[in-house]
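Those sequence lines, one after another, are chains A and B.
Heads up: the first sequence begins at 594 in my numbering, then just goes up one per residue.
Heads up: the second sequence begins at 594 in my numbering, then just goes up one per residue.
Here the structure is laid out as structure tokens; the discussion comes afterwards.
Number of protein chains: 2
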Amino acid sequence: MNNFTDLLRAHNLKATPQRLEIANTLYNQGHANVEELYDTLLKKFHSISLATIYKNINLMIENAFIQEVKIPNAKSVYELTKETHSHLVCKKCGNVEDITLDLRPVCDLAMHSTEFQIDKADLVFSGLCKKCQ
Amino acid sequence: MNNFTDLLRAHNLKATPQRLEIANTLYNQGHANVEELYDTLLKKFHSISLATIYKNINLMIENAFIQEVKIPNAKSVYELTKETHSHLVCKKCGNVEDITLDLRPVCDLAMHSTEFQIDKADLVFSGLCKKCQ
DNA sequence: AACACAACTAATAATCATTCTAATTTAAAG
DNA sequence: CTTTAAATTAGAATGATTATTAGTTGTGTT
Ligand SMILES: [Mn+2]
Ligand SMILES: [Mn+2]
Ligand SMILES: [Zn+2]
Ligand SMILES: [Zn+2]
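In structure tokens form, the structure reads like this:
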């Protein structure tokens, strides 16, 4: 059980028990959607409000403590901010995995063939995980 | 003004005036979200229902006539199905552009470093378009 | 350790987004 | 031209997210 108090404060967020539990849940599960976060936090905070989940997710995103990952045909999941990486999603079981790839060559190619100045590349692979194929 | 009657039928969709207009709108604008489609169709069909937009979007996606593109910090946009491609989104003006890139090397790399069987790669670049930078 | 206060939480109301229902209309096959 | 399954519409219903408000708490300061 990690202690995220300092990390939260470093992002200008008060270290409330609810926020610490969101951080721990994302640390343990890697990625979770709104409903999963709510269900998990309900176990520890019997009377937590969904509004608290939403409010904290939004604030934590604003302060770059967490990030949203948009997934084809599924609800967004959230994760602790870490080094830039891409995602693999299993179409069957919904499992989400991280993968670190060097996308600079692709970004450079894209920048050379358009007039865009690119500063982010969100890449999501869809397919079947080992268990499901 | 393209005629999408046959293309709709090829996708097992009746060629209703509303659907033809959705097809034309996407053909002309490239990408549009639900609200933009509704506003555009309202000009031609004064009493069109939002339910018609949603119902058709869903059915057209099921039948692979159109596709959804999920975009960071914005509503999804929809586009006519065409050759696989990636997207560039301007953070400032929201403009969405297509870009065709060969992602096979990246996919192969991903498949070799995980146990996933990958069959799709959704890539969205974020940055500033020429006008906005 | 106690204080002060801005920030936070919980309840719930309000709003926004999407889907459902049922009556009417229509595309297209024969 | 008829027939009929499917589509459209209006509006109700549901689901998701945000806003409001009153009471509570984390944290810097004394
Ligand atoms: Mn991740
Ligand atoms: Mn496109
Ligand atoms: Zn799987
Ligand atoms: Zn722009």
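Heads up, the beta-carbon is just placed ideally off N, CA and C, and yes, glycines get one too.
None of these values were measured; they are calculated from a predicted model.
Along the chain, where does the alpha helix (DSSP H) that runs through residue 601(A) open and close?
598-603
Given residue 602(B), which residues of its chain have a CB within under 7 Å of its CB, disregarding the five upstream and five downstream residues?
608
Residue 714(A) by DSSP, collapsed to three states: which one?
strand
How would you list, in chain order, the residues of chain B whose beta-carbon sits under 9 Å from the beta-carbon of residue 713(A)?
665, 684, 717, 718, 719 and 720
Heavy atom of ligand 4 less than 6 Å from the Cβ of residue 596(A), yes or no?
no
Under the DSSP definition of a beta bridge, which residues are partnered with residue 683(A)?
Residue 683(A) is bridged to 720(A).
Report yes if the C-beta distance between residue 663(B) and residue 668(A) is below 7 Å; otherwise report no.
no
Determine, for residue 657(B), whether the minimum Cβ-Cβ distance to residues of chain A falls below 7 Å.
no
Let me check understanding here. Comparing Cα to Cα, which of 647(A), 686(A) and 703(A) lies closest to residue 671(A)?
647(A)
Judging by CA-CA distance, which residue of 726(A), 639(A) and 636(A) is the nearest neighbour of residue 686(A)?
The option with the nearest alpha carbon to residue 686(A) is 726(A).
Start and end of the alpha helix (DSSP H) containing residue 614(A)?
610-622
May I ask you to check if the CB of residue 688(B) is nearer than 6 Å to at least one heavy atom of ligand 4?
yes
Quick one: measure Cβ to Cβ for residue 658(B) and residue 604(B), integer angstroms, because I've assumed they're closer than 8 Å.
Between residue 658(B) and residue 604(B), the beta carbon gap of about 4 Å places them in contact (Cβ cut-off 8 Å).
Straight-line CA distance for residue 683(A) to residue 706(A)?
32 Å
Mind listing the chain A neighbours of residue 706(B)? Cutoff is C-beta to C-beta under 7 Å, in chain order.
692
Where do the ends of the alpha helix (DSSP H) carrying residue 747(A) lie?
Here chain A has residues from 594 to 726 only, and residue 747(A) is not among them.
For residue 699(B), which residues in chain A fall below 8 Å Cβ to Cβ?
694, 696, 699 and 716
Could you tell me the boundaries of the beta strand (DSSP E) in which residue 664(B) lies?
Taken as a continuous stretch (DSSP letters only), residue 664(B) belongs to no beta strand (DSSP E), as it is neither H nor E.
For the putative contact between residue 637(A) and residue 655(A), defined by C-beta atoms under 8 Å, what is the C-beta separation to the nearest angstrom?
With a Cβ gap of about 24 Å, residue 637(A) and residue 655(A) do not count as contacting.
Pull up the CB-CB distance for residue 720(A) and residue 712(B), whole angstroms please, since I reckon it's below 8 Å.
5 Å
Using the beta-carbon of each residue, which ones in chain A are nearer than 8 Å to residue 681(B)?
Here the neighbours are 703, 707, 709 and 711.
Per DSSP, what kind of secondary structure is residue 701(B) in: helix, strand or coil?
helix
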